[in-house]
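Everything below concerns the one structure shown next.
Number of protein chains: 2
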Amino acid sequence: MDHFKELKVFPLLKDIKDEELKELDLLLKENKFNKGDNIITEGDEGNVMYVLIKGSVDIIKTTIYGDKFVCATLDDSMHPIFGEMALLDNDKRSATVTAKTECNTLSIDTKSFNEYIDKYPRAGVSLLKLMNLNLIRNIRVENENLKLVYQALIEEIESN
Amino acid sequence: MDHFKELKVFPLLKDIKDEELKELDLLLKENKFNKGDNIITEGDEGNVMYVLIKGSVDIIKTTIYGDKFVCATLDDSMHPIFGEMALLDNDKRSATVTAKTECNTLSIDTKSFNEYIDKYPRAGVSLLKLMNLNLIRNIRVENENLKLVYQALIEEIESN
Chain A
27 MDHFKELKVF
37 PLLKDIKDEE
47 LKELDLLLKE
57 NKFNKGDNII
67 TEGDEGNVMY
77 VLIKGSVDII
87 KTTIYGDKFV
97 CATLDDSMHP
107 IFGEMALLDN
117 DKRSATVTAK
127 TECNTLSIDT
137 KSFNEYIDKY
147 PRAGVSLLKL
157 MNLNLIRNIR
167 VENENLKLVY
177 QALIEEIESN
Chain B
27 MDHFKELKVF
37 PLLKDIKDEE
47 LKELDLLLKE
57 NKFNKGDNII
67 TEGDEGNVMY
77 VLIKGSVDII
87 KTTIYGDKFV
97 CATLDDSMHP
107 IFGEMALLDN
117 DKRSATVTAK
127 TECNTLSIDT
137 KSFNEYIDKY
147 PRAGVSLLKL
157 MNLNLIRNIR
167 VENENLKLVY
177 QALIEEIESN
């Protein structure tokens, strides 16, 4: 199936030449998930990155006590990507991603990704920039979360 | 001054062709800082990324109460880069970076960086991968910090 149109809407992919985007499209796998499915599971090994093209997902983390909390909800209008960390560093999944509705994703694994950006470095620059900006947005959110939890801790200590 | 040798030690830059690394070198500015100087100040505007080639730095964040805490110390043996977030998204500096000793850095701004990776996309892929892996390492550390502060909060609440 041709996902060319879905890919063209990603702001940073619009600079990739059409023929190079078509080559990328050939490497992408289409996946369908039912509501409630875990697309990614925290702590698992994994080397696949996903692009959400339809539906919405919850990003869920587990506290040290085993409690789960939703730290973000993403939907297709945001053109989100997830799983890019393990794709790049091959470390464990840092969060669970659960389908909140039926979801359609496109996915690529480390090997295909590296072969593609090696063959088409100009497209690789666009992809890596998109991934960098995604990570930066996550870090800035996490910084704010850390400040809020720290503030709650100090208030709790001072109230006693 | 020629920094070719300093750049060659970065694991992910070793794949950049020598002539392209020399072109990058021409764009890098050398900076010297005294012990105690702020190389980057949290909250400032900024579009410059730094490579630490000599010395060590503290990464310092400010809590909501204005307290400062050192969240990491980096030295030249780690070949660290910092400031890459604002280089890419032009948002405010997320932390202060203070010279813990005399420091020598190399730096590049957004405009030069984008022109370089546009001209040399293969080198751009190496640079962006290095930046991505750096961000991922920071996110994984921040995730652990968030879990620790959250744990302390729960323990504090339960002890009362």
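Going down the list, the sequences are from chains A and B. Under the numbering used here, the first sequence has 108 at position 82, and the numbering climbs by one with no breaks. Under the numbering used here, the second sequence has 50 at position 24, and the numbering climbs by one with no breaks. Yeah, the Cβ is synthetic: ideal placement off N, Cα and C, and Gly gets one too.
- Residue 165/B is a Cβ neighbour of residue 165/A, given a cutoff of 8 Å.
- Residue 78/B counts as buried, since no fewer than 16 other beta carbons sit within 10 angstroms of its beta carbon.
- For the options 185/A, 142/A and 132/A, the alpha carbon positioned closest to that of residue 30/A is the one of 132/A.
- What residue 94/B touches in chain A, judged by beta-carbon distance under 8 Å, is nothing: the nearest beta carbon there is about 13 Å away.
- Separation of residue 146/B and residue 151/A (C-alpha to C-alpha, rounded to the nearest whole angstrom) is 10 Å.
- As DSSP reads the structure, residue 132/B sits in a beta bridge with 56/B and 77/B.
- Apart from the 5 residues on each side of it in sequence, residue 38/B sits with its Cβ closer than 6 Å to the Cβ of 152, 155 and 156 in its chain, given in chain order.
- Under a 10 Å Cβ-count criterion, residue 134/A is classified as buried, with 16 or more other Cβ atoms of the shown protein chains found around its own Cβ.
- A check of alpha carbon separations from residue 73/B across 58/B, 118/B, 104/B and 182/B identifies 118/B as the nearest.
- For residue 98/B, the nearest beta carbon of chain A is not closer than 8 Å to its own beta carbon.
- Restricting attention to 140/A, 85/A and 180/A, the CA atom closest to the CA of residue 50/A is found in 140/A.
- Sorting 127/B, 167/B, 70/B and 122/B by C-alpha distance to the C-alpha of residue 102/B places 127/B at the top.
- Cβ atoms of residue 105/B and residue 167/B stay farther apart than 8 Å, at about 17 Å.
- Listed as beta-bridge partners of residue 41/B by DSSP are no residues whatsoever.
- With a cutoff of 8 Å on beta-carbon distance, residue 85/B and residue 100/B are scored as near each other.
- The beta-carbon of residue 109/B is placed no less than 8 Å from the nearest beta-carbon of chain A.
- The beta carbon of residue 75/A does not come within 8 Å of any beta carbon belonging to chain B, so the residue lies off that interface.
- From the listed residues 183/B, 76/B and 68/B, the smallest Cα separation to residue 55/B is found for 76/B.
- DSSP places residue 152/A in the uninterrupted alpha helix (DSSP H) bounded by 147–184.
- Following the DSSP letters along the chain, one finds residue 95/B inside the beta strand (DSSP E) bounded by residues 94–101.
- Listed along chain A are 158, 159, 162, 163 and 166, each with a C-beta nearer than 9 Å to that of residue 115/B.
- Here the alpha carbons of residue 33/B and residue 53/B stand approximately 13 Å from one another.
- In chain order, 175, 178, 179 and 182 make up the part of chain B whose C-beta sits under 8 Å from the C-beta of residue 179/A.
- Look at residue 172/B: its C-beta is under 8 Å from a C-beta on chain A.
- Residue 66/B is a Cβ neighbour of residue 123/B, given a cutoff of 8 Å.
- For chain B, the residues of the stretch 140–156 of chain A that bring a beta carbon within less than 7 Å of one of its beta carbons are 143, 147, 148, 150, 151, 154 and 155, in chain order.
- A buried status is given to residue 162/A, since no fewer than 16 other beta-carbon atoms sit within 10 Å of its beta-carbon.
- Selection 120/A, 111/A, 48/A and 41/A evaluated against residue 142/A yields 48/A as nearest (Cα-Cα).
- For residue 115/B, the enclosing alpha helix (DSSP H) has its first and last residue at 110–115.
- Look at residue 120/B: its C-beta is under 8 Å from a C-beta on chain A.
- Counting of Cβ neighbours within 10 angstroms places residue 110/B among the buried residues, the total reaching 16 or more.
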